[in-house]
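At position 112 of the sequence shown the residue is numbered 111 (numbering that gives the first Met the number 0), and the sequence of numbers has no breaks. From the three backbone atoms N, C-alpha and C, an ideal C-beta is built for every residue, glycine too. Only one structure is covered here, and it is reproduced in the block below.
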Amino acid sequence: MDERTEEKTPLNFLERIIEDDLANGRVPDNTIVTRFPPEPNGYLHIGHIKSICLNFGLAEKYKGRCHLRLDDTNPEKEDIEYIRSIMRDIRWLGFDWGKYEYHASDYYQQLYEIAVRLIEEGKAFVDNLTAEEMKEYRGTLTEGGKNSPYRDRSIQENLRLFEEMRQGKHPEGSLVLRAKIDMSSPNINMRDPVLYRIKFASHPRTGDTWCIYPMYDFTHPISDAIEGITHSICTLEFEDHRPAYDWATAIDGIDHTPHQYEFARLNINYLVMSKRRLLNLVKLGIVDGWDDPRMPTISGIRRRGYSPESMKDFVSRIGVAKVESVVDYSLMEFCVREDLNKRAERLMVVLDPLKLVIDNYPEGKVEYFEAVKNPEDPNSATHQIPFSRELFIEKEDFMEVPSKGYHRLFIGGEIRLKYAYYVTAHSVVKDEEGNIVEVHCTYDPESRGGATPDNRKVKGTSHWVSATEGVTIEARLYDKLFQTEYPGAATGNYLDDLNPDSLKIVTNAKAEPEILNAKVGDYLQFIRNGYFCKDNRSEGLVFNRTVTLKDSWAKLKQKMGM
Numbered sequence: 000m001d002e003r004t005e006e007k008t009p010l011n012f013l014e015r016i017i018e019d020d021l022a023n024g025r026v027p028d029n030t031i032v033t034r035f036p037p038e039p040n041g042y043l044h045i046g047h048i049k050s051i052c053l054n055f056g057l058a059e060k061y062k063g064r065c066h067l068r069l070d071d072t073n074p075e076k077e078d079i080e081y082i083r084s085i086m087r088d089i090r091w092l093g094f095d096w097g098k099y100e101y102h103a104s105d106y107y108q109q110l111y112e113i114a115v116r117l118i119e120e121g122k123a124f125v126d127n128l129t130a131e132e133m134k135e136y137r138g139t140l141t142e143g144g145k146n147s148p149y150r151d152r153s154i155q156e157n158l159r160l161f162e163e164m165r166q167g168k169h170p171e172g173s174l175v176l177r178a179k180i181d182m183s184s185p186n187i188n189m190r191d192p193v194l195y196r197i198k199f200a201s202h203p204r205t206g207d208t209w210c211i212y213p214m215y216d217f218t219h220p221i222s223d224a225i226e227g228i229t230h231s232i233c234t235l236e237f238e239d240h241r242p243a244y245d246w247a248t249a250i251d252g253i254d255h256t257p258h259q260y261e262f263a264r265l266n267i268n269y270l271v272m273s274k275r276r277l278l279n280l281v282k283l284g285i286v287d288g289w290d291d292p293r294m295p296t297i298s299g300i301r302r303r304g305y306s307p308e309s310m311k312d313f314v315s316r317i318g319v320a321k322v323e324s325v326v327d328y329s330l331m332e333f334c335v336r337e338d339l340n341k342r343a344e345r346l347m348v349v350l351d352p353l354k355l356v357i358d359n360y361p362e363g364k365v366e367y368f369e370a371v372k373n374p375e376d377p378n379s380a381t382h383q384i385p386f387s388r389e390l391f392i393e394k395e396d397f398m399e400v401p402s403k404g405y406h407r408l409f410i411g412g413e414i415r416l417k418y419a420y421y422v423t424a425h426s427v428v429k430d431e432e433g434n435i436v437e438v439h440c441t442y443d444p445e446s447r448g449g450a451t452p453d454n455r456k457v458k459g460t461s462h463w464v465s466a467t468e469g470v471t472i473e474a475r476l477y478d479k480l481f482q483t484e485y486p487g488a489a490t491g492n493y494l495d496d497l498n499p500d501s502l503k504i505v506t507n508a509k510a511e512p513e514i515l516n517a518k519v520g521d522y523l524q525f526i527r528n529g530y531f532c533k534d535n536r537s538e539g540l541v542f543n544r545t546v547t548l549k550d551s552w553a554k555l556k557q558k559m560g561m
């Protein structure tokens, strides 16, 4: 008897840590608690998908829970619009935080009280140094800093000044509250970090209640402790901040100490995923908002027609590592194609129409051919496609004089019209400039459905749309926003590498009438032309190309030996 063992997917390093913690009783109530803590200062991008899937996925796997916490500590850059978009994006990916929704601003009073206690214990002081002076006193990565001349103020003086900061009696930038840790520390984040600064900005949630706001490195770890987070999972750039994290959770007076673990963030070539740079693209009008289909935001890829399942597959294939690397853009597109191939409805759409007239087909006659909506689905439904004397085919599907290896239609040549008949071209009509505007042909009535009594075969097959029954649509052909693998690497300015062909708009595409049934959120394949979806911000028949059927960029790189 052939014995077979089921292969198990190896655990990633975070899963090994969690399983060891559970096995050794290090987890309170044996309940794993993770969190996804975005700052509401922009839209989430593709890089966040990895963190979302990781935090929610680990909580789900180990029957724990994942909190959504908005780390809203900078009112100048935060907006309710961003908060709503974050929630919408997470739900689109298929995750839900349930009742566990939190905001760092929920803890402002508690954070303030902790700061006051630090002053009372002589562990924090109010500093008058300017930002430039503070940078000078801070030292470098190789040389330690030096104490601020205000570090030894009395506790009473510090309490008075901090209360005056709280009451709005000092201008922005004039005073900050700093921790007393160690200005000679080899870790620059431990050199008396700033805990509070003055900002006269209205907060999206707290309004004008506060004019002092806690810093991220102070707020974030204490928020984790308040919420009982067991595994604080973040990207590698926070590794150097871990001592500050541990310091904050040790001084907060809360009977719970979370631990921070770092993993490699998601880097993809041809993309920029800095919120600052993405915001700049929006402000400069280079893109049509945060949800422009060329943007690497979750809202952008959703509008472009990416499916949440394809993105989950993408991050699953990448895995979880502790070393930074760059993932090829083509892998992401491969995952999108693999998923859409299984779910997209096939439609015939001609993007660059050329009229085809079948001279021996009865004028005014319309007949219908049955087409399977998705040949990859054995249970797929079908729909009817109207056929008439005058059709549209792609211009590239006809050559008056064929080149070597050309297998589409040409004078004297015969092709199959998909689902319909064999046709043979005989003549053309040209405009005054010599451009072909019509191709005249004849059809074989006995070839209906692609078979003939003599069993002859043709090499070429073209898709088509009835000129009388079809509808006109707008197709937006999106491509990469940047044309180099590492935007800005050569010149220092990522805007120098914008792809001038990142969007081409076709306003006169012809589609079979079945497209009138397409809804926002449907996945479509325009046969031979790629995957498309109905645009969620446009009225009428506007469709965005999600991805081409094949990776033309990968082919180009291979051809050039890149």
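Three-state class that DSSP yields for residue i in the structure shown
i: residue 222; result: helix
i: residue 31; result: coil
i: residue 418; result: coil
i: residue 180; result: coil
i: residue 206; result: strand
i: residue 549; result: coil
i: residue 3; result: Low confidence applies to residue 3: its pLDDT is 45, below 50, so where it sits in the model is not reliable, and the reading given next is rough at best. It is coil, neither helix nor strand.
i: residue 189; result: helix
i: residue 134; result: helix
i: residue 103; result: helix
i: residue 446; result: helix
i: residue 429; result: strand
i: residue 145; result: coil
i: residue 90; result: helix
i: residue 538; result: coil
i: residue 394; result: helix
i: residue 216; result: helix
i: residue 460; result: strand
i: residue 424; result: strand
i: residue 399; result: coil
i: residue 95; result: coil
i: residue 466; result: coil
i: residue 151; result: coil
Contact check, residue i vs residue j, beta carbons under 8 Å
i: residue 387; j: residue 365; result: yes
i: residue 27; j: residue 252; result: no
i: residue 421; j: residue 467; result: no
i: residue 16; j: residue 113; result: no
i: residue 322; j: residue 393; result: no
i: residue 567; j: residue 225; result: Beyond the ends of the chain as shown, which are 0 and 561, falls residue 567; an answer cannot be given.
i: residue 195; j: residue 182; result: no
i: residue 406; j: residue 449; result: no
i: residue 271; j: residue 493; result: yes
i: residue 40; j: residue 73; result: yes
i: residue 96; j: residue 297; result: no
i: residue 497; j: residue 211; result: no
i: residue 384; j: residue 409; result: no
i: residue 545; j: residue 303; result: yes
The beta strand (DSSP E) enclosing residue i, as first and last residue numbers
i: residue 543; result: 541-546
i: residue 15; result: Where residue 15 is concerned, there is no enclosing beta strand (DSSP E), although the alpha helix (DSSP H) it sits in stretches over 12-22.
i: residue 161; result: Residue 161 -> not in any beta strand (DSSP E); alpha helix (DSSP H) instead, spanning 154-165.
i: residue 452; result: Residue 452 -> no beta strand (DSSP E), and no H or E assigned at all.
i: residue 405; result: Note, residue 405: premise wrong, no beta strand (DSSP E); not H, not E.
i: residue 211; result: 211-213
i: residue 174; result: That residue, residue 174, is in no beta strand (DSSP E); it is neither H nor E in DSSP.
i: residue 441; result: 435-443
i: residue 385; result: 381-386
i: residue 199; result: Careful: residue 199 lies outside any beta strand (DSSP E) and carries neither H nor E.
Opening and closing residue of the alpha helix (DSSP H) in which residue i lies
i: residue 112; result: 107-119
Residue i at chain B interface by Cβ criterion, 8 Å
i: residue 210; result: Any reference to chain B falls outside this structure, which holds one protein chain only.
Give the list of continuous beta strand (DSSP E) stretches no shorter than 3 residues that lie fully inside the stretch 468-528. 470-477, 502-510, 523-525
Entirely within the stretch 24-88 and at least 3 residues each: give me those beta strand (DSSP E) ranges in chain order. 32-35, 64-69
Which full runs of the alpha helix (DSSP H) of 4+ residues lie inside the stretch 224-300, going along the chain? 241-250, 274-282
So, do the stretch 347-362 and the stretch 391-407 have three or more beta carbon pairs nearer to each other than 8 Å? yes
Validate contact between the stretch 41-49 and the stretch 301-317 using beta carbons, cut 8 Å, 3 pairs: yes
Could you pull out every unbroken alpha helix (DSSP H) segment of at least 4 residues lying fully inside the stretch 295-378, listed in chain order? 297-303, 307-317, 328-342
Could you say if the stretch 49-67 and the stretch 75-84 meet the contact criterion of at least three C-beta pairs nearer than 8 Å? no
If contact is defined by three or more beta carbon pairs under 8 Å, each pair taking one atom from either stretch, is the stretch 511-520 in contact with the stretch 266-286? no
Would you call the stretch 461-481 and the stretch 328-348 touching, i.e. three or more CB-CB distances under 8 Å? yes
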